[in-house]
Amino acid sequence: MSQQFAYPEDRETYNAAKVRALESLLIEKGIITSETVDKVLNYFEKEMGPFNGAKLVAKAWADPAFKARLLADAPAAIAEMNFPRGMTGAEGENMEVAENTPSVHNLVVCTLCSCYPWPILGLPPYWYKDPTFRARAIREPRAVLAEFGLTFDESVKIRVWDSSAQIRWFVLPERPAGTDGMSESELAALVTPESMMGSAKAKDPA
Amino acid sequence: MKLQHHLGGLEGLGPVNFETRVFVEPWEQRIFGIHVAMMGMSLHLSDSVAKYPIEKLPTAFKSTWTWADLRKGAEAMNPFDYFKYRYYEKWLGGISGFFVSQGYISQKELDARTAAILEGEKPSASPLMNDEIDRQIIEYLRVGDQGGREGERKPKYAAGDSLTVKDVASVDHTRLPGHLRGKAGVVEKLYPGLYVYFCSTGPDGLGDPMPVYQMRFDPKEIWGDLAEPNSTVYADLYETYLEGEPTRC
């Protein structure tokens, strides 16, 4: 699998030409418009992305009562946020949050495909979609996390959540040390998509 | 048995590629956008909780296209190809194959246009603008397609029940991870309400509204001596995949 992203040059050129051909034919046949794909991509760039999750985590770190509400009913807590309309929309209709603590670390996986909470985290990164990750994370999460640079003492419980039905999972990472007094927007800058899936910790403050 | 239904626990795969990008080639964004458009115009959405007015949409797309259709395609692949092709390559194959098989485009015109583009020609499509189509697709993203339903059906089980995962006959599509088949687990939580699935999965059992359970498994039950210490596996499972005696009176 180490060659996964190294292909002969013509493979990508062919794929790029084929998808352009497909898109132009779909426009010609009146299936989509000339702007459809760009509007979808723009929506994910501007409105539905991991920047929402980062704000949510920062608020949960700053406000214990909000954190309790988020863990109890994620969609209801998300509705309290000043997000664009629809942040419990497609692939976020039913969401659950797993909290990391000093004694529990959570990792999210989808062993059957690539289920991911779009409104809060945007689109899944390649490692999450990788069949190798999906096959291994469920059986040897400690080994996989160690490859990602996270090692845990045996006393820390590892919980692996397989998104096999219509519930979408994300992780509330631990608040890093040395962040007392930071504003919510400063805290949000420490939250990466990986930290909200459990494959990394939130960044340490600079 | 499909390897794609039994990925969990597969050995000998080597290290995970910790690639954090969502798209590794610019063209991948285009096929993603086309897939979202198809989902946002899918005929089944007129019967969804949100009751989108799909019949009135001025598009030539008149099909149902959901995650189940994309997943079925990926699960139908030769398992070696499944590992060989990158994520969005599988999408490109499945989605272009769908448009050809449903008669929206012909393989011949797709091949001819691809060849023309490879030779440097620009696709000659005259622009098509239609806000109604694009608005519906973004509205689908905002509102979604809720699988949760209210209903009369009473859940068979409750938190704390010890159950066994059935070994159902899965044909072209399933939401039951292979490594859980025949294994014993405990209900951690019953999710409120009932859940439908996008389509019937036949003898596999999904489709009608049914309860979904958060199930907890001891990794030793699944992996035996290969299990890592101090860990727990959770999976969200539809009631049809579970059997056992409820402990409640």
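Here the protein sequences come in this chain order: A and B. So for the first sequence, the working numbering puts the first residue at 6; every next one is plus one. So for the second sequence, the working numbering puts the first residue at 8; every next one is plus one. We treat Cβ as the ideally placed atom computed from N, Cα and C, and that holds for glycine. The structure displayed is predicted, hence computed values, not measured ones.
8 Å Cβ cut-off: residues of chain A touching residue 237 of chain B: By Cβ distance, chain A contributes 159, 160, 161, 162, 163.
Exposure of residue 55 of chain A, with buried meaning 16 or more beta-carbon neighbours within 10 Å: Residue burial is scored here from C-beta neighbours: residue 55 of chain A has at least 16 other C-beta atoms within 10 angstroms and is therefore classed as buried.
Test: residue 114 of chain B CB closer than 8 Å to a CB of chain A: The beta carbon of residue 114 of chain B sits no closer than 8 Å to any beta carbon of chain A.
Cβ-based neighbour list, residue 179 of chain A, same chain, cut-off 8 Å, excluding 5 preceding and 5 following: Answer for residue 179 of chain A: 105, 106, 107, 206, 207, listed in chain order.
CA-to-CA distance, residue 118 of chain A to residue 229 of chain B, given in whole angstroms: Going by the C-alpha atoms only, they are around 20 Å apart.
Exposed unless 16 or more other CB atoms sit within 10 angstroms - verdict on residue 16 of chain A: Exposed, by the Cβ-count rule.
Cβ of residue 84 of chain B within 8 Å of any chain A Cβ: Using a Cβ-Cβ cut-off of 8 Å, residue 84 of chain B does not count as an interface residue toward chain A, since no Cβ of chain A sits closer than that to its own.
Extent of the continuous beta strand (DSSP E) to which residue 45 of chain B belongs: For residue 45 of chain B, there is no enclosing beta strand (DSSP E); the residue is found in the alpha helix (DSSP H) stretching over 33 to 47.
Neighbour flag for residue 25 of chain B against chain A, beta carbons, 8 Å: Yes, contact with chain A.
At least 3 beta-carbon pairs within less than 8 Å: the region 85 to 98 of chain B vs the region 129 to 141 of chain A: Taking a cut-off of 8 Å on C-beta distances, the region 85 to 98 of chain B touches the region 129 to 141 of chain A, as three or more cross pairs fall below it.
Contact with chain B by residue 34 of chain A, beta-carbon distance below 8 Å: At least one C-beta of chain B is nearer than 8 Å to the C-beta of residue 34 of chain A.
8 Å Cβ cutoff, residue 25 of chain A in contact with chain B: Output row for residue 25 of chain A: interface = yes.
Inter-residue CB distance, residue 286 of chain B and residue 77 of chain B (contact presumed, cutoff 8 Å): This structure cannot settle anything about residue 286 of chain B, because the visible part of chain B is limited to 8 through 256.
Coarse secondary structure for residue 209 of chain B, derived from DSSP in three states: Reduced to three states, the DSSP call for residue 209 of chain B is helix.
Whole-angstrom C-beta distance between residue 91 of chain A and residue 149 of chain B, which should lie under 8 Å: Cβ-Cβ separation between residue 149 of chain B and residue 91 of chain A: approximately 3 Å, consistent with a contact (criterion under 8 Å).
Residues bridged to residue 110 of chain A [DSSP beta-bridge criterion]: Per DSSP, the beta bridge partners of residue 110 of chain A are A/163.
Alpha-carbon spacing of residue 84 of chain A relative to residue 215 of chain B, whole angstroms: Rounded to whole angstroms, the separation of the alpha carbons of residue 215 of chain B and residue 84 of chain A is 29 Å.
Spatial neighbours of residue 53 of chain A in its chain, beta-carbon cut-off 7 Å, leaving aside the 5 residues before and after: Cβ within range, chain order: 123, 124, 127.
Continuous beta strand (DSSP E) stretch holding residue 72 of chain B: start and end: Residue 72 of chain B: not part of any beta strand (DSSP E); DSSP gives it neither H nor E.
Residues near residue 160 of chain B by beta carbon distance below 8 Å, same chain, minus five either side: Within the same chain, and ignoring the five residues on either side of residue 160 of chain B in sequence, the residues whose Cβ sits closer than 8 Å to its Cβ are 201, 216, 217, 218.
Neighbourhood of residue 194 of chain A by C-beta, 6 Å cutoff - its chain only, sequence neighbours within 5 removed: If we look at residue 194 of chain A and ignore the five residues flanking it on each side, it has no Cβ neighbours.
Neighbourhood of residue 79 of chain B by C-beta distance below 6 Å, restricted to the same chain and skipping five residues each side: Excluding residues up to 5 positions away in sequence, 179, 180 lie with their Cβ nearer than 6 Å to the Cβ of residue 79 of chain B in the same chain.
Residue from A/211, A/197, A/210, A/174 whose Cα sits closest to the Cα of residue 27 of chain B: Comparing alpha carbon positions, the residue from A/211, A/197, A/210, A/174 closest to residue 27 of chain B is A/197.
Chain B contact residues for residue 40 of chain A, given Cβ-Cβ distances below 7 Å: Residue 40 of chain A reaches chain B at 136, 141, counting residues in chain order whose Cβ is nearer than 7 Å.
Interface flag, residue 241 of chain B vs chain A, CB-CB below 8 Å: For residue 241 of chain B, the answer is yes, since a Cβ of chain A falls inside 8 Å of its Cβ.
Within-8 Å CB hit, residue 200 of chain A to chain B: Chain B contact via Cβ: absent.
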